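Which chain is which? The protein sequence lines are C and Z, in order. Using this note's numbering, the first residue of the first sequence is number 264, and each one after it goes up by one. Using this note's numbering, the first residue of the second sequence is number 358, and each one after it goes up by one. Contents: one structure, followed by commentary.
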Amino acid sequence: MKVFNIRFILAISVLIISSCSVLEHDPQDSIVPDQAFNSEASVRSAVIGLYHQLQSDDYYGASIQYASDNYTDITAYAGFNIEYQEAGDGILPPTNLLVEKIWLGAYRVINGANEIIGGVPGVADNGFTDEERIIVIAEAKCLRALGYLDLLVHFGEHWDLSSIYGLPLVTQSTNSDYANIDMLARSSVQETYNFILNDLETAEEGLPDSDNRAVVTKALAQSLLAKTYLHMNDYISAETYATQVINNVNYSLNSSFLDIFQSELTSESVFELVSSSLDISNLALWTIIRDEVLPEETLIASFADGDQRRSLIGSVDGKPYERLLKAEDFSTHANPAYIMRIAELYFFRAEAKHFSGDTDGAIDDLNTVRTRAGLEPYTDSNNFFEKYINENMWEFFGEGKRLYTLTRIDKAGEVLGIEDFRRIYPIPDREFTIEGNQLVQNPGY
Amino acid sequence: MRIAYITLTFCSLISFNLLGQVTVSGYVSGENQEMLIGANVSVDNMSLGAACDVEGYYKINIPVGMEGAITLTATYIGYNSQSILINLPSSGMVNQDFSLEIDAIGMESVVIVGYGTQKRGDLSTAITSVKGEDVIDQPVANLDLALQGRASGVSVASSSGQPGAAVKILIRGATSITASSEPLYVVDGVPMTSDNNSILETGGYNFNSMSDINPDDIESIDILKDASASAIYGARGANGVVQITTKRGSESGKTSITLDRYTGTQSPSYIVPMMNSKQFIELMNEAAENDGLPADYFSSSGPDWNRIGDPADPSLVNTDWYGEVLRKDAPIENTSLSVRGGSDKLKYFLNGSHFDQAGIQKGTNYNRLSFRTNLDAIINNKMSMGTNVYISKSDALSTIGDNSYFGVMINTLAADPTMPVFEEDGSYSNPFHYYSWWALENPAAAADLYKRNTITNRFLGSVFAEYDIIDKLKFKSSYSLDYSYLKDVMHYPSTAAESWQSGVTGKGLFANSENLTWLTENMLTYETNFHQKHHLNLLLVYTTQNASNDVANILAQNYSNDNLGALDLAADIVDASTMGTSWGIESLVSRVNYNLDYKYYFTGSIRRDGSSRFGADRKYGIFPSFSAAWRITKEPFMNDIDFLSDVKLRYSYGKTGNQDGINNFASRALWTVAAAYNGSAGISPNRMGNAELEWETTTQNNFGFDASFLDNRFSVTFDTYQKLTTGLLLDSNVPGFTGFTTVTRNIGEVMNSGTEFSFRSFNIDTEDFTWTTTFNVSTIKNEITKLEQDDQDIATNILKEGYPLGAFYLIHWEGVDPETGNSSYTDINGDGVINSGDMQPIKDKTPWPDYFGGVGNSFSWKGFDLNIFFQFSKGNYVFNHSRYAQEQVGWSFNYGGFFIPYGNNTERVANERWQNPGDVTDIPRASLGYEFDDEGNVIGAPQPNWMEDCDQWLEDASYIRLKTFELGYRVPSSYAERYGFSSLRIYVLGQNLWTKTDYLGIDPEVSSNGEIITRVGEDYGGLGQPKTVYFGINVGI
């Protein structure tokens, strides 16, 4: 019996030893939401994370630029990806996946910003001063506004201030908890603009006047304000803000157009989203590696002789056809996205001036950019829009600015030959399959 | 009847012969020295014999005058009969004992039921068994493949012909959308991981760590199908359990050594015939002419840059790309040496094996070296211990597979026949310099230059001890370890398209994955009989399991030299990361097995499982089950019905849980720490959490019966079942404006229902000649009965209520108009355009078969044995995406007047395309895809005759396949012994020798999306199963 007891005890002890905490496991490569706001350092890395989300292929990594350019008269698509083919055909069904990517990409940035805006006040870190907190919140609000503005000009009826087809405005993060989801409806266009302006004004006030082009600055907030007011037809305010940035000594037109794209962070860039070999962008993937997003023949033929900008379309290893070369690094893919450059501010001001009646001033601004490209300036201000549209095409091809620019000046139907309702993208079909959805689709789709 | 007759004969013999009498007597025993009461011993070719008494003793009186040699045969229900030749003396006693072996799938055979064993005849649940010998000697790296068609209700489909590739195995249908539908694999009682740990992008096929297990070690496979059977594994048994038992030693005191070796060659079972260069150019010319361009546009009349060549030119380059990348004589070989023996104190089984299989596609290979030691030791009369140790090292050489830009098979699909393999200077030709848009890489270069090795070192070991606490109460404890270390090494030289297309001189990758799973089990069993009729078996088990996985990978580029691919020689490191994850399960199981007089059976079990993957309050799930059976033939009213030997009716019901296949932290909200920007580290929200996430539950009802007739000559099994999975672990969509796309929730239900039928019959069973037939067929119906977020489309498949998992979602093609040769499609949304908005769900054509199964016939005559096995499947559809790429009928890309044909076409297009009004065919007219004006300028592009996501490519892939044809000869023991062997068998075996199918693609079984259950049934650059012929010997020493 003695022997029996010992053996029995040994057996039981095996049982006890083995019942340790098999059910308690923690992830080794992720953190839980609480850890994101337990110190100043973690908040700052959350802000870095916002820029990372901007770099996603779904957003400024390729989709937002190439969707717009394929859809319009800038590029043609010669591949077999259905989502790009549909953009290239100019007929986007709500099931189109490219449109879905942009919607999701922008809202990811917005959610990240909401987390920071909501989480910063509660960070228990004495080294994190109130002034510093204001700056961080300003940065987050600027990026949130960028996201909403991009969404509004692509998915909302941004030209019509009385329209109900604005965006669902998420002002509070769910803190990544399924139980906190609020099924929002679309706000009106005016409400959306107000929200964006609010964010941008706070950002403009709080952000420093720095010359760091890789992050958002006061100048970027001002640039976005100029753009927003332009879309709202408030030309006085648009002109004011555009002038502020143009007069800022940190930013000036790069004398060599080529250099903007071949060097990093030149004086031209107001906000340049950088990439590196360890943090790549997909801009060169579609145009060079896959060879599918190609410049339209009409675009190539339209350049005047001597236009420096024409050299950003060329051939790579002796292929018989030419490709876009603004994103020319196809080995390490460290191609930045040019979210805002000083040239665009000149365009904003030209447009504002024209609508305010100062047609000569408008042509002057247009000429500033045109002469930088090595061409003779326009001599008169007739046919302003024809000149504007052409310059815009030659200056910004490949940068994804075409669709909303044409829509804003009400020339989309004329230039692209598309029906009115197709001036903006459809809300992605996936939203309507979710139970409890309150969103309504854009008319016509 | 027979016994009565023998006894009568006996008596009559006794009556008239007492002098010169010879008697033959002895004992007949079965497993474990158990005496077989009532076993029959008879003399062949004479109506002479005896039955054994209560001690298993028989005695036969031989008539006077009989002399020479006679053959005695001992038989007993459920055992394989044994025949022995003896020489009769002139008078006296001859002693001859028999030791019979259990018939592996008969009623007396022992079946592993999870934490214990039961006799097949006593089962109240649905379990199918496959003998070890049916799976060993199969020339496959992955033992799953050897199970094809052998077990009813079990569908096994290979995803690719690549050696070592994972196999999709489903027991009674696919149950889960996000979580896994894979069954649980248990080897010698230890649940195994069967994950793909390699990070190499292999396209559609995955590696599966089941290929680490050596099929030669297998004694038997028991597949638990219904809830009551798999409930014992509750936590992971929702999709059925495949229990593998390896060989163990024997107590006989003798040591037997066996050597098995086979060697053979493999070739592709089918190659899609493609056009040659002449036909290709003729097609392009016809396409141009149909569109209004001048005749011979691509040979002479078009601009220079569009000239492909002259079809009449005898020196026109013609490359057969399939021929260049596929081997017709890929070698395969296997060598296995086993030692088996023991005494009553120690039993041992040792095995060492080497398996080497070259793939039929160049650049692929798989080899494995393995060792196993199984020991069972009796320490004293109360305690026994044992250990199983298995180590293996495997090395898989692969290329990029299906569904990927630089894959060998995918690039071969439509590669340009006018492109030579090599240029004159010996370098691989560049597809961009030739006339087909399709190939991104020279297929032969993709096979030769892209070197990828996956090396796995695996250790599976367990140690167990069993202790008899008191008379009927036993305690068993075991500890097991499953460890694997996998290394991926990849190097692409500068000449590979993937390198120069990216402007770098070479790319390299090194990754490793270390997996460690440990498992402890402690169990108490109590077994007793009372009042002679009541038999009771109680079981209580407590088990814990913990698994962790650590991964590191480094990607580099720009080498100065193409010969060495080590990472430190690269100039740029472009990606480096490490990752780790872990999970655990804790379970308590109890089971009661009761039977009354072997007539009424009842089993009940309850299991409580906790998993680390679920929300804080939802970690535990309770899974009960019960089953009952009635052995009708033991009832008195069945006594007179002689032709029925054994009939049992069964019913079972149970609930099992599933948590496999979801993220280890699926219920938690997580932020990623890999969100860097501009050189600074960043964090960002990554996963939405759901605190209410809990177990997925499968409830299964099963009714069945087992019957055997005519003295077990003919036996059938029938089952019908309904399996409902609720609370499906699904990534459900959340609004995009939350910043997330999905969250894992329990929503949705899937129902699987079906019937299974199998029979075995010993058609002819004489001394010289036997013929046995086995047959099994299963039907299955799969349906998503509830889905909260209906209509989720995933490329060419859709998740929709009322439709099965993996339902296709395609544009409907209406056919080719005989008058114009154009295709027409259904514009379901009426917008005048055919695009993704016109895709529709398809209900009647699904990837799942209406029925499937196998039929085998075995013959033996003297020393020869012949085994023929067919496998069939009817009603399964495949979306032949490969064919879309190969039947574009001339469609070309237009680069400002430079037309690049999409790619080569199949020979079918050469012979059957529409050419004149009135032609009725399914291939439209040749066309470049554009409208031209009189000067040959492109003025438009009409609705194409060729669309990717349409059901023109959805084909019926029903098939019947001669899976195995084996002819062997066992040398008579007298000859063998002369050379020092105890047995010697030589054989020739052919696998996949013949297939009948209407499927136009390479193999009706291919699945390019590997294990993604919602996207099965697609063939996109798939590689079919090889046809293999090989010779082998089995030598016993």
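All C-beta atoms, glycine included, are put in the ideal place defined by N, C-alpha and C. Please read all numbers here as calculations on a predicted model, not as lab measurements.
Exposed or buried, which one is residue i when buried takes at least 16 other CB atoms within 10 Å?
{"i": "C:R635", "result": "buried"}
{"i": "Z:M423", "result": "exposed"}
{"i": "Z:G1378", "result": "buried"}
{"i": "Z:S751", "result": "buried"}
{"i": "C:N655", "result": "buried"}
{"i": "Z:N1268", "result": "exposed"}
{"i": "Z:Y1336", "result": "exposed"}
{"i": "C:E349", "result": "buried"}
Under 8 Å Cβ-Cβ, which residues of chain Z neighbour residue i?
{"i": "C:W549", "result": "Going along chain Z, no residue has its Cβ under 8 Å from C:W549, so there is no contact; the nearest lies around 13 Å."}
Going straight from the alpha carbon of residue i to that of residue j, what length do you get?
{"i": "C:Q701", "j": "C:A448", "result": "5 Å"}
{"i": "C:I672", "j": "C:F610", "result": "12 Å"}
{"i": "C:V703", "j": "C:F695", "result": "8 Å"}
{"i": "C:A547", "j": "Z:L1324", "result": "60 Å"}
{"i": "Z:V513", "j": "Z:L527", "result": "6 Å"}
{"i": "C:I427", "j": "Z:F1094", "result": "18 Å"}
{"i": "Z:M641", "j": "Z:A1283", "result": "8 Å"}
{"i": "C:N496", "j": "C:K650", "result": "20 Å"}
{"i": "C:S486", "j": "C:Y601", "result": "13 Å"}
{"i": "C:I652", "j": "C:Y492", "result": "20 Å"}
{"i": "Z:N903", "j": "C:P471", "result": "52 Å"}
{"i": "Z:T559", "j": "Z:V543", "result": "Bear in mind that a pLDDT of 49 at Z:T559, under 50, signals an unreliable position, so the model cannot answer this."}
Using 8 Å as the limit for Cβ to Cβ distance, is residue i near chain Z?
{"i": "C:Y340", "result": "no"}
{"i": "C:G375", "result": "yes"}
{"i": "C:F391", "result": "no"}
{"i": "C:F334", "result": "Checking the sequence shown, residue 334 of chain C turns out to be Tyr, not Phe. Not closer than 8 Å to any Cβ of chain Z, the Cβ of C:Y334 fails to qualify, so no."}
{"i": "C:M215", "result": "Shown here, chain C extends from 264 to 708; a query on residue 215 of chain C therefore has no answer."}
{"i": "C:T480", "result": "no"}
{"i": "C:M446", "result": "yes"}
What residue from the options has the CA that sits closest to residue i's CA?
{"i": "Z:Y916", "options": "Z:S905, Z:A928, Z:N910", "result": "Z:A928"}
{"i": "Z:E823", "options": "Z:A854, Z:A804, Z:T744", "result": "Z:T744"}
{"i": "Z:N675", "options": "Z:F779, Z:S693, Z:D999", "result": "Z:F779"}
{"i": "Z:W1028", "options": "Z:T1013, Z:S749, Z:M1045", "result": "Z:M1045"}
Could you tell me which chain C residues have their CB closer than 8 Å to the CB of residue i, listed as they occur along the chain?
{"i": "Z:N920", "result": "Chain C residues near Z:N920: none, gap ~21 Å exceeds 8 Å."}
{"i": "Z:R1025", "result": "P290, V295"}
{"i": "Z:Y883", "result": "Correct list: empty, because the minimum Cβ distance to chain C is about 15 Å."}
{"i": "Z:M1045", "result": "T437, S439, D440, Y441"}
{"i": "Z:P850", "result": "Here the premise fails: no neighbours, minimum Cβ distance about 15 Å."}
So with Cβ pairs under 8 Å, would you call residue i a contact of chain C?
{"i": "Z:G560", "result": "Residue placement at Z:G560 is poorly supported in this model, since its pLDDT is 45, which falls under 50; the coordinates still yield a value, given next. Answer no: the Cβ-Cβ gap between Z:G560 and chain C never drops below 8 Å."}
{"i": "Z:M995", "result": "no"}
{"i": "Z:K1033", "result": "Checking the sequence shown, residue 1033 of chain Z turns out to be Ala, not Lys. Yes, Z:A1033 counts as interfacial toward chain C."}
{"i": "Z:Y1094", "result": "Looking at the sequence shown, residue 1094 of chain Z is not Tyr but Phe. It does; some Cβ of chain C falls within 8 Å."}
{"i": "Z:D929", "result": "yes"}
{"i": "Z:D1148", "result": "yes"}
Please list the partners that residue i has in chain C, where partner means a Cβ-to-Cβ separation under 7 Å.
{"i": "Z:T328", "result": "Outside the shown range of chain Z, which is 358 to 1394, sits residue 328 of chain Z, and nothing can be said about it."}
Interface residues of chain Z around residue i at Cβ under 9 Å?
{"i": "C:F593", "result": "Q858, S859, G860"}
{"i": "C:P558", "result": "By Cβ distance, chain Z contributes nothing, its closest Cβ being about 11 Å from C:P558, past 9 Å."}
Along chain Z, in chain order, which residues have C-beta atoms closer than 7 Å to that of residue i?
{"i": "C:V537", "result": "N1035"}
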